[in-house]
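One structure below.
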Amino acid sequence: MAYTQAECVIKNIIREIAQECADRGHSISETLVAFMVKAVVLDPRYEFNVDRTLTKTDVRKLITTCVDRLLEPQRPSLDTIKMQVYFDMNYTSRAEFLTEHRCVLESRLAPACREITDSRARTRDELECLYRKIVSYMLLHSGLGSPTEISIVREATAALQSIFPQSELGTFLALTKKDKERQLNELSMIVTGIRLFNKNCKKGGEGVDDLPAILNEAVPATKQNVESELQATQQLIYHYTAIIERLEKSQECYEEDGLHDKLKEALYNVRQHEVFLRIIVAEIVTCAKQIEMLQHQLNKRMLDLNAVVKSKSAVPTAQVYPHFIALSNLWTSFQDEMVLLSVFSNLVTNLDPYLGTHSQLFPDGIIGPLLEGVVVKTDEQRLSEVSGQRIIPSDFKNREWIFPEDILTYRQPTIQYRGFCAYAFGARYGLLLRGNPNIGILKYQEKYYIFSSKEAASAFAQKPDCYISMAAEHAKHSAELIQLLELHQQFSTITTYTKAASCMKPIIKYDSCTQTDTHILEPNIVKSYEWNEWELRRKAIKLANLRQKVTRYIQTNLSHMRRDNTSQVYPPKNKATQTKQDNSSNVPKPQVFYAGLRGGKTTEPTHMIKYNLTRAIDET
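To convert, count from 1 in the sequence shown and add 10; that's this note's numbering.
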């Protein structure tokens, strides 16, 4: 099957699965559906052969299986996959978080900026209105107070007037649009720096929050909250691990296979939650270090600015403006840290819904009896028990071992299975135990593996391919392990969720054309400019000759008729008069009747009689 045809079939399958889930009342994202399709195809239990073309029966079976897996109730593995999808789609680097945040701010401020740059104010009232808009824009841009508070607006207006009086609006309006935007941002930073300096001197700063103090309280509180949740998650990990080890030793895992599988899925769920919480804790620690550095820079900048200004009534702008701009940039960095802290807090909160299934399957009433007589060990205790164990490299031929003290001579290695014991994961049915690098790091086929004990390391070193293939089989049965243990290289068909979403975008072909403006900048052509010296000399001679010429006008009898003459008249007016009394007269209408004109014979004369029927005047 051609690549485009296969991709079209896969997209149709994904859409049909999502539609069937929607028909059953569950909204499933196409990213999650795409990953589930790949996971089902890889799972050997469903017997899909990826090397041959899928028949209609195979497609129907694939759709039904995926829908059942996606809608299966009380399945921790599905919650783990959903957690992975959410985190991968919502977490990124600090720089990308801040870039996206600034893009959102710029898009929100764009209408206000466009209203200023496109203004064509001419009258005094229009210029005053434009100046007020500039003040409001600077307050919104800096985030220091609301533009609806009168006291804040007055303070910002006073700061702006000290560097940009209203009389300079004419010069501002004459600039190009890009220059206007640049000057607006520069003025906004200077005004922000002035207000921050005034707040430090206790001469203003209305509506300006003390961000360093707020962050110094918020960062430890957020870190403590995340660490407490991390400790609760780790306690569940230790409980589930102890129960699974007990079932393995007592051979109960074969009698209660359903319980064993669900415990493994619950363990993977809380392990994934632990990984994400550790990432967030590391980010919060980075925020704390960044805030400490910013606070040191802010204090130093304030001292330098006080030394420049002191009690002077006037200071050269070239000396103070850079300090004000630097203050503004530092304050923006504080605001960025506040945004990042809020984002990380929301990430932690939004991960909690994906932990509900295992808490329903294994409440305290079920976990308690299973833990009777079991010693629950933490990861630290397990590592300390084997701290004295160490592999002897000479005991293993054709095997390369690395120890932590030798890592300085190597490139920082990437440990496989995210630092979990490779032997325990392969040989003990997918059990996740933390590896101890002090035992020895095995380098095999340019990959690095660590182990939870010396015996595990020795067993794995003897048959590494066998245990690696066993680990791959476990990952095929539990698709959430591919993301949890970072096995994307072994499963090339499984990509990260963000890449899977980008791969699902349809390939669109269309014709397009572009046109470049001939003159991007405003033209500034002097029509009278001449580069030719002889042309300039010719014009100079012509002007010199004109000085000696006289122009005379003569009017002749014939030429005067060719003139265009116009005259203007006033149109006649309609006038009317009215008297105080209306009179009228009526005369009788003459009426005459002629009789005897018809009915006579032709041989006899006609006798016509004329009757005067006109009435008398007194009768009318």
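Note that the Cβ used here is the ideal one computed from N, Cα and C, for glycine as well.
Based on the DSSP secondary-structure assignment, which residues constitute the bridge partners of residue i?
i: Arg608; result: In the DSSP output, where bridge partners are listed per residue, Arg608 has none listed.
i: Tyr459; result: Leu452
i: Arg134; result: Arg134 pairs with nothing; no bridge assigned.
i: Tyr412; result: Here residue 412 is Ile; the residue named in the question, Tyr, does not match the sequence. Paired residues: Ile451.
i: Arg444; result: Phe430
i: Val602; result: Asn622
i: Ile425; result: Tyr458
Can you give the Cα-Cα distance for residue i and residue j, rounded to whole angstroms?
i: Thr41; j: Asn22; result: 14 angstroms
i: Arg400; j: His36; result: 52 angstroms
i: Thr613; j: Gly606; result: 15 angstroms
i: Phe107; j: Val384; result: 45 angstroms
i: Ile247; j: Asp314; result: 53 angstroms
i: Leu393; j: Ser463; result: 9 angstroms
i: Ala328; j: Lys552; result: 52 angstroms
i: His498; j: Val285; result: 17 angstroms
i: Trp411; j: Leu452; result: 5 angstroms
i: Lys599; j: Thr624; result: 6 angstroms
i: Arg608; j: Ala626; result: 29 angstroms
i: Gly440; j: Glu258; result: 12 angstroms
i: Glu629; j: Tyr621; result: 18 angstroms
i: Asn448; j: Gln455; result: 21 angstroms
i: Leu443; j: Leu64; result: 39 angstroms
i: Arg134; j: Gln94; result: 60 angstroms
i: Glu26; j: Val19; result: 11 angstroms
i: Phe207; j: Val325; result: 14 angstroms
i: Leu365; j: Ala252; result: 19 angstroms
i: Ala28; j: His368; result: 25 angstroms
i: Leu351; j: Asn446; result: 32 angstroms
i: Gln282; j: Leu115; result: 33 angstroms
i: Ser172; j: Asn316; result: 18 angstroms
i: Ser338; j: Leu170; result: 14 angstroms
i: Met303; j: Leu150; result: 26 angstroms
i: Cys123; j: Arg288; result: 41 angstroms
i: Val218; j: Ile160; result: 14 angstroms
i: Ser260; j: Val353; result: 46 angstroms
i: Phe45; j: Phe413; result: 37 angstroms
i: Met618; j: Gln601; result: 16 angstroms
Within 10 angstroms of the Cβ of residue i, are there 16 or more other Cβ atoms? Answer buried if so, exposed if not.
i: Pro230; result: exposed
i: Ser488; result: buried
i: Trp341; result: buried
i: Gly357; result: The amino acid at residue 357 is misidentified as Gly; the sequence shows Leu. So Leu357 ends up on the buried side.
i: Cys31; result: buried
i: Leu185; result: exposed
i: Ile2; result: This structure does not reach residue 2, given that the chain is present from 11 up to 630, and the question cannot be answered.
i: Tyr539; result: exposed
i: Ser404; result: exposed
i: Thr524; result: exposed
i: Asp3; result: With the chain represented from 11 up to 630, any question about residue 3 goes unanswered, as that position is not in the structure.
i: Val43; result: buried
i: Lys515; result: Legend: pLDDT at Lys515 = 41, less than 50; position of this residue unreliable, value from coordinates given subsequently. Label assigned to Lys515: exposed.
Looking at residue i: is its Cβ nearer than 8 angstroms to the Cβ of residue j?
i: Gln426; j: Gly153; result: no
i: Gly484; j: Leu491; result: Note on identity: in this sequence residue 484 is His, with Gly being the wrong assignment. Yes. Within cutoff.
i: Ile294; j: Thr232; result: yes
i: Phe470; j: Tyr459; result: yes
i: Glu347; j: Val291; result: no
i: Tyr56; j: Val47; result: no
i: Glu165; j: Glu227; result: no
i: Glu275; j: Pro121; result: no
i: Phe334; j: Ile144; result: no
i: Leu80; j: Ile38; result: yes
i: Leu140; j: Ser156; result: no
i: Gly436; j: Ile478; result: yes
i: Ser198; j: Met148; result: yes
i: Ala482; j: Ala432; result: no
i: Leu277; j: Tyr250; result: yes
i: Glu496; j: Arg428; result: yes
i: Lys486; j: Asp33; result: no
i: Asn210; j: Met312; result: yes
i: Leu137; j: Leu179; result: yes
For the ligand ZN, any of its heavy atoms closer than 7 angstroms to the Cβ of residue i?
i: Ser463; result: In terms of ligand content, the structure shown is empty, and the ligand ZN therefore cannot be addressed.
Compare the C-beta of residue i against all C-beta atoms of chain C and say whether one is closer than 8 angstroms.
i: Thr167; result: Considering every chain present, this structure includes no chain C. It has just one protein chain.
Sequence ranges, beta strand (DSSP E) only - wholly within the segment 187-272, length at least 3:
none
Alpha helix (DSSP H) runs wholly inside the segment 380-405, at least 4 long, in chain order:
389-395
Output the residue ranges of the alpha helix (DSSP H) runs that lie fully inside the segment 104-188 and measure 4 residues or longer, sorted by chain position.
104-127, 134-152, 160-173 and 179-183
Where in the segment 318-377 do unbroken runs of the beta strand (DSSP E), each at least 3 residues long, occur, reported from the N-terminal end onward?
none
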